[in-house]
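Numbering (our numbering), first residue to last: 8 to 196.
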């Protein structure tokens, strides 16, 4: 199992460009769909925890997945698999390609990669939004938070904490409100 964890996260690390958010859909396909190590809700929880912790998103998810399956050793295997491809690639770039970074061909290659990276980031955002049941009634919440983070530079952790606290109060209010009225909508009773 350790080898399988290492190899799976090594593939994820080796074939994903654009960082943590670009990796999410690939991690989900491997961890949830293919290997069934986490279910959809566990993955969304791991994603929320990983985003709210310091560090690299993909590494945080690999630690949580490895730990769930095989404890600390599983976390180490999954983490090494995630970071090793980037480490090797950056080392090779530093050794061989640092002198050619200002090369017009290399510059064009990176300019061509950037739009694809944006698409890799947007795809898991849309998938996660669908899984989190974002709809026309509550789309204003993530849109407002994204704009506030972007516009003010505030740390996302404040919004994650506020969302958790708001969720507790909202759920309690809605549950009590509907219970008092005897409303069975949306499975709330």
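Don't be surprised by glycine CBs; every beta carbon is placed ideally from N, CA and C.
Pairwise C-alpha distance: residue j and residue i
{"i": "residue 126", "j": "residue 160", "result": "23 Å"}
{"i": "residue 83", "j": "residue 112", "result": "38 Å"}
{"i": "residue 92", "j": "residue 9", "result": "17 Å"}
{"i": "residue 63", "j": "residue 142", "result": "29 Å"}
{"i": "residue 85", "j": "residue 78", "result": "11 Å"}
{"i": "residue 131", "j": "residue 33", "result": "9 Å"}
Residue i versus the options, residue with shortest Cα-Cα distance
{"i": "residue 76", "options": "52, 100, 11 and 148", "result": "11"}
{"i": "residue 35", "options": "69, 61 and 162", "result": "69"}
{"i": "residue 56", "options": "168, 129 and 114", "result": "168"}
{"i": "residue 46", "options": "23, 110 and 138", "result": "138"}
Buried versus exposed, by CB contacts within 10 Å (16 or more), residue i
{"i": "residue 190", "result": "Bear in mind that a pLDDT of 47 at residue 190, under 50, signals an unreliable position, so the number given afterwards is only what the model happens to contain. Classification for residue 190: exposed."}
{"i": "residue 31", "result": "buried"}
{"i": "residue 89", "result": "buried"}
{"i": "residue 101", "result": "exposed"}
The ligand GDP heavy atom lying under 7 Å from the CB of residue i
{"i": "residue 32", "result": "You won't find the ligand GDP in this model; it holds no ligand whatsoever."}
Chain-order list of residues whose beta-carbon lies under 6 Å from that of residue i (same chain, five-residue window excluded)
{"i": "residue 53", "result": "68 and 71"}
Inter-residue CB distance, residue i and residue j (contact presumed, cutoff 8 Å)
{"i": "residue 163", "j": "residue 172", "result": "Contact flag wrong, Cβ pair sits at about 15 Å."}
{"i": "residue 29", "j": "residue 152", "result": "Contact flag wrong, Cβ pair sits at about 20 Å."}
{"i": "residue 38", "j": "residue 50", "result": "6 Å"}
{"i": "residue 149", "j": "residue 136", "result": "7 Å"}
Same chain only: Cβ atoms within 7 Å of residue i, ignoring 5 sequence neighbours per side
{"i": "residue 42", "result": "15"}
{"i": "residue 107", "result": "113"}
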